[in-house]
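Residue numbers (this note's numbering), protein chains in the order written: chain R, 1 to 527; chain B, 1 to 326.
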């Protein structure tokens, strides 16, 4: 396929999601490529405009800092969806469940267990204690059913052979799920016909799934109908849209710190009926701001006494405080062993080869090869503060050499993973752009994964950085349902003729025929 | 039951929407009625409008003469005016954003697209060249938002706070409008009473009810006391009161805002119009207006401030005689 939108499409050197190395279309993409062939470039750009207008009106925006007054931006969604076949997804899903299960057990072992994994010499004690994410304040603080990561976002990439590898774990406040749901909603409006050729698994049960998990981790005393709230830093936070979105999806209150009070170790919210008890807080603020009594005393965002209330077992904070130790990028190197230790199984998902710098031999080797490696600060997220060796200047490499020597625990080095590429609409044609995938894993009664997740795409040519704060966009991610799925819905047209529209009986005149074109997004691409 | 902060946001959402709409209506009516008036009437009319909107001192600080151009710009877009129409829409949107998860998506979208549409236009140019289009656009968008509001929002406490906010705001401005017109009764032509009716979108309803009357007393009676016209002071107060009653019933007691508002409403409901006109009506209207402001203040104390940190006292068993009903 080298004509039309795909003219000049270059698919060598990287793993391409759509094309094999020989330029063949992979089977699960054939219907989509055929469908896209029906669209003219003009038609696609018309639909892009529709999409942009829809996102702006809906206020699906994030706030960009450092550009004068906080600017509201939309997160660009590429119109070409990413497709994952059923069997491929099943394997990824098993790997994610296994990984999050092990990480939950690891955290519980560290904070309320006997730290057996340290005593057994799997993870060095100093490595845990020196982690910025390790919170002494969380020691002895148990979480019902040990679901310390109620929501985990595990970033996956595919290497040059198409093998899925975990790039990093996000166990504190992973964001992005709102885009998964909103992207799907937007795609069904602007490119609805493409869905007809596939059986795409839905994602819109996320709210119910999350609420179920949060209620599951409520303190036992809360009874059958625990009160769940979402805690946000407020309307000026960059992810405020998502916080409001989640509260709406779950039908629970969105609170700020100032709406909550703690009295006698009971957390309540201020309502028009006085104080109302709260059982579970899905917090979207960082540990450091949760409770000025134990963490940063200058925090205006948190609630004084919250940690003590949690410790008294009167409220559950989700995700638990102190999860940062397990997504520390140096601990990442131990996760395969952590999985083996707690589950007795081999890890299903591959990792990226990672070098710790405390070992003098490793450090010397890494310093030698800085130009070939990626260096990341262990406690950062959002793609800040990284060195990408192959793309860096001599001066940048020298600067990092100094940093690594001064603070070896503060950094790790990894082999460069050449992220897979996916056709992406650039102006009037398609070009390959690097993508990753952030699936969302929910730990409630059982550990579940939302089909797919957020596919982020590096919109700049050649860039490997997909973070929204760094010029990334996203794609709708389609996980295909297995063949012969018993959940297949019945014929939708059934019963349609039985319905009658009531009308004014005096009205006998023929209604004028409405022209459908130009009136809406349009189902059919115009010729 | 809802968060106090959310209740307050919804209350102000209602007030700002109402404020944006009537400010625009008054600009529209004043602007167009002046096209047929003598030049000397112009400054007076603009000054009256500023008084009704309680913007006169703010306007005077700008040092501009009260001409159509300057007043329009001040009321519509001036950054120095915190109650300008564009500021009201911006704040209504901010309030909606902070209760985003409580209000219907369609409501948020209609308000957000209103805000975006307003920001896309060069309002200064619109005002200078074709103010009618701008007035129409703002009025229609406001009506769209209130249509979506009443068609999609569940009749829960959130709805009640929006409604109370809107109706108190509406009653207040109508009192001020009548007071200022009445103050100049002697030299107010019926043309100007007609303008007052028009700015409440009441001219047609008035004609239907009073069959071509040109009596200012009947205009006042209509705008103040009509039980059927949705912008009359009495109608607005009764609607706000009905919502306050439902809120209060959940506590099993008569709340302070209910008592205050009930008294004002009864004063109007059982008054004879001759009696009102005979007394100093202007003074009376000023008093009613300031009493309504007290109602708004007591709603805030009862429901938003929540200064008493613990659940309000709810009597068990039947309420004592004399605390319920009227």
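Ideal Cβ positions, reconstructed from N, Cα and C, are used throughout, including at glycine.
Predicted, not measured: the structure shown is a model, and the values here were computed from it.
Handout entry: Selection from R/139, R/213, R/317 and R/161 that minimises the alpha carbon distance to residue 19 of chain R
Key = R/161
Practice task
For residue 237 of chain B, decide whether its Cβ has a neighbour in chain R, counting only Cβ atoms nearer than 8 Å.
Solution key: Chain R, which has no Cβ nearer than 8 Å to the Cβ of residue 237 of chain B, makes this no.
Handout entry: Inter-stretch contact (C-beta, 8 Å, three-pair minimum) for the stretch 243-262 of chain B and the stretch 291-305 of chain B
Key = yes
Practice task
Between the Cα of residue 248 of chain R and those of R/256, R/472 and R/230, spot the shortest distance and give me the residue it belongs to.
Solution key: R/230
Problem - Residues of its chain near residue 432 of chain R, where Cβ-Cβ distance is below 8 Å and the 5 sequence neighbours each way are ignored - result: 9, 10, 11, 14, 16, 421, 422, 423 and 424
Exercise for the section: Please report the residue range of the alpha helix (DSSP H) in which residue 198 of chain B lies. Expected result: 190-199
Practice task
Determine the direct distance from the alpha carbon of residue 166 of chain B to that of residue 67 of chain R, and round the result to whole angstroms.
Solution key: Residue placement at residue 67 of chain R is poorly supported in this model, since its pLDDT is 49, which falls under 50; the coordinates are not used for a value here.
Problem - Given residue 438 of chain R as reference, the closest of R/273, R/283, R/96 and R/394 once Cα atoms are compared - result: R/96
Practice task
Return no unless some Cβ of chain B is closer than 8 Å to the Cβ of residue 301 of chain R.
Solution key: no
Handout entry: Beta carbon proximity, residue 386 of chain R to chain B, threshold 8 Å
Key = Residue contact with chain B for residue 386 of chain R: absent (no Cβ-Cβ distance below 8 Å to any residue of chain B).
Exercise for the section: Note down the Cα distance separating residue 55 of chain B from residue 77 of chain B, rounded to an integer number of angstroms. Expected result: 13 Å
Handout entry: Same chain, Cβ closer than 7 Å to residue 148 of chain R, five either side skipped, listed in chain order
Key = 104, 107, 108, 319, 320 and 323
Exercise for the section: Output, in chain order, the set of chain B residues within a Cβ distance shorter than 7 Å of residue 255 of chain R. Expected result: 3
Exercise for the section: Quick one: grab the DSSP three-state call for residue 188 of chain R. Expected result: helix
Practice task
In the DSSP assignment, find the unbroken alpha helix (DSSP H) run with residue 278 of chain B in it and report its ends.
Solution key: 273-278
Practice task
Please state whether DSSP places residue 180 of chain B in a helix, a strand or coil.
Solution key: helix
Handout entry: is_contact[residue 16 of chain B, chain R] using C-beta, thresh 8 Å
Key = no
Handout entry: Cutoff 8 Å: residue 135 of chain B Cβ touching any chain R Cβ
Key = no
Exercise for the section: Check residue 170 of chain R in the structure and name its three-state DSSP category. Expected result: DSSP places residue 170 of chain R in strand when its eight states are reduced to three.
Exercise for the section: Flag residue 227 of chain R as yes if its beta-carbon sits less than 8 Å from any beta-carbon of chain B, otherwise no. Expected result: Using a CB distance cut-off of 8 Å, residue 227 of chain R does not count as an interface residue toward chain B.
Handout entry: Chain-ordered chain R contacts of residue 60 of chain B [CB-CB under 8 Å]
Key = Within chain R, no C-beta atom comes less than 8 Å from the C-beta of residue 60 of chain B; the nearest is roughly 29 Å away.
Exercise for the section: Indicate the three-state DSSP secondary structure (helix, strand or coil) for residue 284 of chain R in the structure shown. Expected result: coil
Practice task
Would you list the one or two residues that DSSP bridges to residue 354 of chain R?
Solution key: R/414
Problem - Residue interval of the alpha helix (DSSP H) (run including residue 299 of chain B) - result: 281-299
Problem - Contact list for residue 303 of chain B against chain R, beta-carbon separation under 7 Å - result: 272
Handout entry: chain B within 8 Å of residue 244 of chain R, Cβ atoms only
Key = Taking a beta-carbon distance threshold of 8 Å, residue 244 of chain R counts as an interface residue toward chain B.
Handout entry: Beta-carbon gap between residue 127 of chain R and residue 364 of chain R smaller than 8 Å
Key = no
Problem - Chain-order list of residues whose beta-carbon lies under 6 Å from that of residue 46 of chain B (same chain, five-residue window excluded) - result: Residues 66 and 71 of the same chain have their beta carbon placed closer than 6 Å to that of residue 46 of chain B, with the five preceding and five following residues left out of the count.
Practice task
Can you have a look at residue 238 of chain R and say buried or exposed, based on whether 16 or more other CB atoms are within 10 angstroms of its CB?
Solution key: buried
Practice task
Would you decide whether residue 532 of chain R is buried or exposed? Buried here means 16 or more other CB atoms lie within 10 Å of its CB.
Solution key: There is simply no residue 532 of chain R to check, as chain R begins at 1 and stops at 527 in what is shown.
Exercise for the section: Assign residue 260 of chain B to buried or exposed, taking buried as 16 or more other Cβ atoms, counted over all protein chains shown, within 10 Å of its Cβ. Expected result: buried
Practice task
Under 7 Å Cβ to Cβ from residue 138 of chain R, same chain only, skipping five residues before and after it: list those, please.
Solution key: Counting only Cβ-Cβ distances below 7 Å, and skipping sequence neighbours, we find 111, 320, 321 and 322.
Handout entry: Sequence-distant residues of its chain with Cβ nearer than 7 Å to residue 313 of chain R (five each side left out)
Key = Annotation for residue 313 of chain R: 219 place their beta carbon closer than 7 Å to its own, counting only its chain and skipping 5 residues before and after.
Problem - Minimum Cβ-Cβ distance from residue 100 of chain B to chain R less than 8 Å - result: yes
Exercise for the section: My understanding is that residue 149 of chain B touches residue 102 of chain B, with C-beta atoms under 8 Å, so please give their C-beta distance in whole angstroms. Expected result: With a Cβ gap of about 13 Å, residue 149 of chain B and residue 102 of chain B do not count as contacting.
Handout entry: Residue closest to residue 100 of chain R, alpha-carbon to alpha-carbon, out of R/377, R/327 and R/412
Key = R/327
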